[in-house]
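Worksheet: one structure, shown below.
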Amino acid sequence: MPCREQTQAVYPFRDFNMKVFITIAFAAAAAATDLLIPLYQFPANNGQVWSPIEQALTDNPNLNAKIIINPNNGPGNGIDDPQYVAGTQALGSHPNAQMVGYVHTSTDFGQTRCNVPYSQIEADIRTWSTWVSRGIPIQGIFIDEAPTNTANNCVEYMRNLTDLIRNDPDILFPQRLVIFNPGGTGTLQPYYDLNPTYIVSLETCFVVPERAGGEYDQCDPAFPNWERYDHDGYGSSIDNVLFPNIGQVNAPRTAVLVHGFHDTNGPSANLQATEEVLRNMIRNVVQRRIGATFFNTAGYHQFSDGPASIQVVARLLSEANAGSL
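Just so we're aligned: the sequence shown equals residues 602 to 926 in my numbering.
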C-alpha cells in the first residue's frame, strides 16, 4: 500500500501454498526488530500531538524506532512550520528514534512506478538534507511507491537514488538510512541487491473487509483483496506469502506493516484483535528475524486508539526482542 496521504488503497497479496517452517533454533537466534512508524499526523500544539510516540520511546529505551516524517507527500515547507520544527526536535531528542524523510516515485498513486522525474525526487532529498543543517536530525529517506518489478528502468532509478542518499557529500543525513516501500511482494531481489536498510515487502491489513474502516484504518473495503494478516495462523502471512517471494535470507532487511488491527481476521484462523493476539503476532515477526515492523489500529494519523496503540505495540515489540536474545 502506498503511504501517500491521498490514497487509501491496499494492494492485494497473492496467496501461496508453500509453507516455510521456522525451527526453534532459528527463532532463538532472532535479532532485534525495529519499530517503523509512518508518522503522517500533523504535529499540532507544538508537537504535543506526537506525545504518545514520545512516551513509547521513553518507556522502551532499548527499542529502536524508524519514524517516517511526511509534511506534504515530501518535505513541503515543513522546515518553516514551527509545529514541525517543535515536533521533530522533540522526537529527535530521543536516542532510540531515527527520523527519515518521505519521497515517492509515482505520479498516479502507485499504478506506475519510477515515473516521477529523478530531478524532482533529488530536489526533495536535498531539501530533506537542509533540515539537518537547521538542527533537525533527519537520518535518511523513505522512498514510497517503490517498484515491485524491473519495468520502467526502475533498478537504475532506485540505484541512483540510493547512491545519492548514501554517497553524495552534500547530503547531510548522519546515518544515511534508505527504506524502500513497494507495499507488497514481486520481483524484489534486484532491489535487495542495492542493500537498502529495509524494504517494506509486506504491507497489509488484519481486519476482514466487511469490518474495515476505510480512511480510519487504511483498510479500504473498496479494495478488499488484501492478505488478511495471519488468517491461517500466527506467522502464516510471512511463511506463506512473504518468504516464498523474497527468501528467508532477506528477512533482516525486510519490514512488515499491518494496519486495521481491530475486530477479527476470520473466518479461517478467526483471531480476534486482542492484546494477547497482538503479542503472539509480534513475537512471530521477531522470531522470523524481520528487520522492522508496525501494527496499528487507526491508520497513519492516530496512534492512541487500541487495541494496537503505539504504547502497546512498542511494549510488546520490546518484550519480544528481549525474549529473542
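The C-beta atom is built at its ideal place from N, Cα and C for all residues, glycine as well.
Checklist line | Ordered list of alpha helix (DSSP H) runs contained in the stretch 766-822, each at least 4 residues | finding: List check, alpha helix (DSSP H) in window: 790-793.
Notebook entry, point to check: Which of the three DSSP states, helix, strand or coil, is assigned to ARG735?
Noted result: Coil at ARG735, not helix or strand.
Check: Based on the DSSP secondary-structure assignment, which residues constitute the bridge partners of THR689?
Finding: DSSP lists no partner for THR689.
Item checked: C-beta atoms of ILE668 and GLN699 nearer than 8 Å -> Contact: yes.
Item checked: Exposure of ARG884, with buried meaning 16 or more beta-carbon neighbours within 10 Å -> Classification for ARG884: buried.
Checklist line | CA nearest to the CA of GLN819, picked from VAL887, VAL859 and ASN841 | finding: Closest option to GLN819, Cα to Cα, is VAL859.
Checklist line | Whole-Å CB distance - ILE680 paired with ARG735, under 8 Å assumed | finding: Going by Cβ atoms, the distance from ILE680 to ARG735 rounds to 6 Å, so yes, they are a contact pair.
Next item on the list: Please name the residue or residues paired with ILE744 in a DSSP beta bridge.
Entry: DSSP, once it has assigned bridges, lists VAL704 and PHE781 as partnering ILE744.
Next item on the list: Between the Cα of ALA724 and those of ARG760, MET882, GLN684 and LEU765, spot the shortest distance and give me the residue it belongs to.
Entry: Among ARG760, MET882, GLN684 and LEU765, the Cα nearest to that of ALA724 belongs to LEU765.
Next item on the list: Run the CB neighbour count on SER694, radius 10 Å, all protein chains shown included, and call it buried at 16 or more, exposed below.
Entry: When all chains shown are included, SER694 counts as exposed.
Note to self: Run through the DSSP bridge pairs and tell me what HIS902 is partnered with.
What the structure shows: For HIS902, which the question treats as bridged, DSSP gives no partner whatsoever.
Next item on the list: Closer than 8 Å by C-beta to ILE772: which residues in its own chain qualify, once you throw out the five before and the five after it? Chain order, please.
Entry: Only ILE726, ARG727, SER730, LEU765 and ILE766 meet the Cβ criterion.
Next item on the list: Within 10 angstroms of the Cβ of VAL611, are there 16 or more other Cβ atoms? Answer buried if so, exposed if not.
Entry: Only weak support is given to the placement of VAL611: the predicted model assigns it a pLDDT of 38, under 50, and the value that follows is read from those uncertain coordinates. Looking at its Cβ environment, which holds 16 or more other Cβ atoms inside 10 Å, VAL611 is buried.
Next item on the list: Go through its chain and collect everything with a Cβ distance to ALA630's Cβ below 6 Å, but skip five positions before and after it.
Entry: Low local confidence applies: a pLDDT of 44 at ALA630 is under 50, so the model's placement there is unreliable, with the coordinate-based value given in what follows. Residues of the same chain with a CB within less than 6 Å of the CB of ALA630, apart from the 5 flanking positions on each side, do not exist.
Next item on the list: Can you say whether THR875 is buried or exposed, counting buried as having 16 or more other CB atoms within 10 angstroms of its CB?
Entry: A residue is called buried once 16 or more other Cβ atoms fall within 10 Å of its Cβ, and THR875, having fewer, is exposed.
Notebook entry, point to check: Going by other Cβ atoms of all chains shown within 10 Å of its Cβ, with 16 needed for buried, is ALA923 buried or exposed?
Noted result: The residue in question, ALA923, is exposed, as its Cβ has fewer than 16 Cβ neighbours within 10 Å.
Item checked: Cβ contact check for the stretch 854-873 and the stretch 646-654: 3 or more pairs under 8 Å -> The stretch 854-873 is not in contact with the stretch 646-654.
Checklist line | Coil, strand or helix - LEU917 by DSSP | finding: LEU917 sits in a helix when the DSSP states are folded into three classes.
Notebook entry, point to check: Touching or not, the stretch 829-842 and the stretch 791-799, by the rule of three or more beta carbon pairs under 8 Å?
Noted result: Under the three-pair Cβ rule at 8 Å, the stretch 829-842 does not count as touching the stretch 791-799.
Next item on the list: Find the nearest neighbour of CYS715 within the set VAL686, PRO783 and PRO653, judged by alpha-carbon distance.
Entry: Ranked by Cα distance from CYS715, the first of VAL686, PRO783 and PRO653 is PRO783.
Next item on the list: Give the range of the alpha helix (DSSP H) segment to which ALA633 is assigned.
Entry: In the DSSP assignment, ALA633 falls outside any alpha helix (DSSP H), carrying neither H nor E.
Notebook entry, point to check: Under the three-state reduction of DSSP, which class applies to PRO676: helix, strand or coil?
Noted result: Coil, per DSSP.
Notebook entry, point to check: So, are the CB atoms of ILE911 and ILE742 less than 8 Å apart?
Noted result: No, the pair does not count as a contact, with Cβ atoms beyond the cut-off.
Checklist line | Backbone secondary structure at VAL717 - three-state DSSP | finding: Here VAL717 sits in coil by DSSP.
Checklist line | Option in PRO822, TYR817, PRO672 and ASP745 with minimal Cα separation from THR708 | finding: With distances taken between Cα atoms, THR708 lies closest to ASP745.
Margin query: Run through the DSSP bridge pairs and tell me what VAL857 is partnered with.
Written below: Looking at the DSSP assignment, VAL857 forms a beta bridge with LEU803 and THR894.
Item checked: Residue range of the unbroken beta strand (DSSP E) whose run includes ILE670 -> For ILE670, the uninterrupted beta strand (DSSP E) run begins and ends at 666-670, by DSSP.
Note to self: Alpha carbons only, please: which of ASP635, THR898, THR706 and LEU664 is nearest the one belonging to LEU762?
What the structure shows: Closest option to LEU762, Cα to Cα, is THR706.
Notebook entry, point to check: Going by the beta-carbon positions, is the gap between VAL886 and VAL857 smaller than 8 Å?
Noted result: For the pair VAL886 and VAL857, the CB atoms are nearer than the 8 Å cut-off.
Check: Thinking C-alpha only, which one of ALA899, GLY900, PHE824 and ALA687 is nearest PRO738?
Finding: Nearest C-alpha to PRO738: ALA687.
Margin query: Can you tell me which residues form a DSSP beta bridge with ARG829?
Written below: DSSP, once it has assigned bridges, lists CYS806 as partnering ARG829.
Check: For the candidate residues THR894, HIS863 and THR713, whose alpha-carbon lies nearest to that of PRO908?
Finding: Of THR894, HIS863 and THR713, the residue nearest in Cα terms is HIS863.
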